[in-house]
Amino acid sequence: MRLPLIPPSDLTPEQRALYNDMSEGIAANFKGFIAVREDGALVGPWNPWLHEPAFGKASWDLVKALASNPSLPKNVREVAILVTGAHFHSAYELYAHVLVGELRGLSDEKIATIVAGQRPGDLTRQEAIAYDVASALVGGGVLPEIVYNVAVEAFGQHGAAELSYLVGLYCLVSVTLNTFDVPIPEPSK
Numbered sequence: 001m002r003l004p005l006i007p008p009s010d011l012t013p014e015q016r017a018l019y020n021d022m023s024e025g026i027a028a029n030f031k032g033f034i035a036v037r038e039d040g041a042l043v044g045p046w047n048p049w050l051h052e053p054a055f056g057k058a059s060w061d062l063v064k065a066l067a068s069n070p071s072l073p074k075n076v077r078e079v080a081i082l083v084t085g086a087h088f089h090s091a092y093e094l095y096a097h098v099l100v101g102e103l104r105g106l107s108d109e110k111i112a113t114i115v116a117g118q119r120p121g122d123l124t125r126q127e128a129i130a131y132d133v134a135s136a137l138v139g140g141g142v143l144p145e146i147v148y149n150v151a152v153e154a155f156g157q158h159g160a161a162e163l164s165y166l167v168g169l170y171c172l173v174s175v176t177l178n179t180f181d182v183p184i185p186e187p188s189k
């Protein structure tokens, strides 16, 4: 890890405001994995965002926008997030969203296949569309017209946009985690 974790007692006023907002959001929306150390320090992407609060606040605002009242089903969102994390080989991202994917009904086999960089054969239609959109976007270039049209047909214009922004957000999250070599947290003893 390239950035030390910041205990709450060491936060600047600018960091404190962001920390409070992120802590509240983590408690409400990010369950099933370790995101806060026992002393209150934030782990995962939240620690790098605290180190650079101007960038961190903008990143966190996008997280909040995509987490509040999503139109896409939870399992569909997790497929897209896992495809993105697998593309970037982002250890913390995969750690967190394998656990979340299980909580949201994805089978271990489905998750393992996605994490291995392959398309599971037993995806639901909506999951398959999310997989195809995320895979095409992280592969680079313009999203193929047919893939875009199928996403709009399945999720509506808003849902297709949400899916695109979700993939973009998790590209940002994965790159942040990889830049600062954020590890999988050690379990409490």
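Counting in UniProt numbering, the sequence shown runs from 1 upward without gaps.
For each residue, glycine too, the CB sits at the ideal point set by N, CA and C.
Inter-residue CB distance, residue i and residue j (contact presumed, cutoff 8 Å)
i	j	result
Ala136	Leu143	5 Å
Ala58	Gly44	With 8 Å as the limit, Ala58 and Gly44 do not qualify as a contact, their Cβ atoms being about 17 Å apart.
Tyr92	Leu177	5 Å
Cβ neighbours of residue i in the same chain (closer than 6 Å, five flanking residues each side left out)
i	result
Phe33	Ala96, Leu99
Val152	Ala160
Pro120	Lys110, Thr113
Val138	Thr84, His87
Straight-line Cα distance separating residue j from residue i
i	j	result
Pro6	Ser90	For clarity, residue 6 is Ile in the given sequence; the question names Pro instead. Between Ile6 and Ser90, the C-alpha separation is close to 22 Å.
Pro48	Asp108	30 Å
Leu94	Ala28	20 Å
Arg2	Val182	7 Å
Gly85	Phe180	15 Å
Val175	Val83	14 Å
Leu11	Gly168	29 Å
Ala116	Pro13	42 Å
Trp46	Ser23	9 Å
Gly159	Lys110	23 Å
Glu102	Ile114	13 Å
Ile184	Gln15	23 Å
Gly105	Tyr170	20 Å
Ala128	Ala154	11 Å
His87	Ala54	27 Å
Spatial neighbours of residue i in its chain, beta-carbon cut-off 7 Å, leaving aside the 5 residues before and after
i	result
Ala130	Val76, Val79, Ala80, Leu163
Pro73	Gln126
Asn149	none
Val147	Asp132, Val133, Ala136
From the options, residue whose alpha carbon lies closest to that of residue i
i	options	result
Asn20	Gly117, Leu72, Trp60, Phe55	Trp60
Gln157	Pro187, Ser71, Met1	Ser71
Ser9	Gly40, Ile26, Lys31	Gly40
Leu62	Pro185, Ala160, Leu166, Glu24	Leu166
Glu186	Gln15, Ala154, Glu38, Phe30	Glu38
Leu42	Thr124, Pro4, Leu123, Asn178	Pro4
Ile26	Ser68, Phe55, Ala54	Ser68
Glu52	Lys64, Phe30, Leu18, Lys31	Leu18
Phe30	Leu50, Gly56, Lys64	Lys64
Residue i at chain B interface by Cβ criterion, 8 Å
i	result
Thr84	Considering every chain present, this structure includes no chain B. It has just one protein chain.
Own chain, CB closer than 8 Å to residue i, minus 5 neighbours either side, in chain order
i	result
Leu123	Val79, Lys110, Tyr131
Leu66	Glu162, Tyr165, Leu166, Leu169
Leu50	Ile6, Leu11, Gln15, Leu18, Tyr19, Met22, Leu42, Gly56
Checklist entry - Could you give the uninterrupted runs of the alpha helix (DSSP H) lying entirely in the region 140-185, keeping only those of 4 residues or more? => result Secondary structure within the region 140-185: the alpha helix (DSSP H) runs of 4 or more consecutive residues, fully enclosed, are 145-179 (chain order).
Next on the checklist: As an exercise, report each continuous alpha helix (DSSP H) stretch of at least 4 residues that is fully enclosed by the region 33-60, in chain order.
Outcome noted: 46-51
Item to check | 4 or more residues per run - each alpha helix (DSSP H) lying fully within the region 65-122 | outcome: 74-88, 91-103, 108-115
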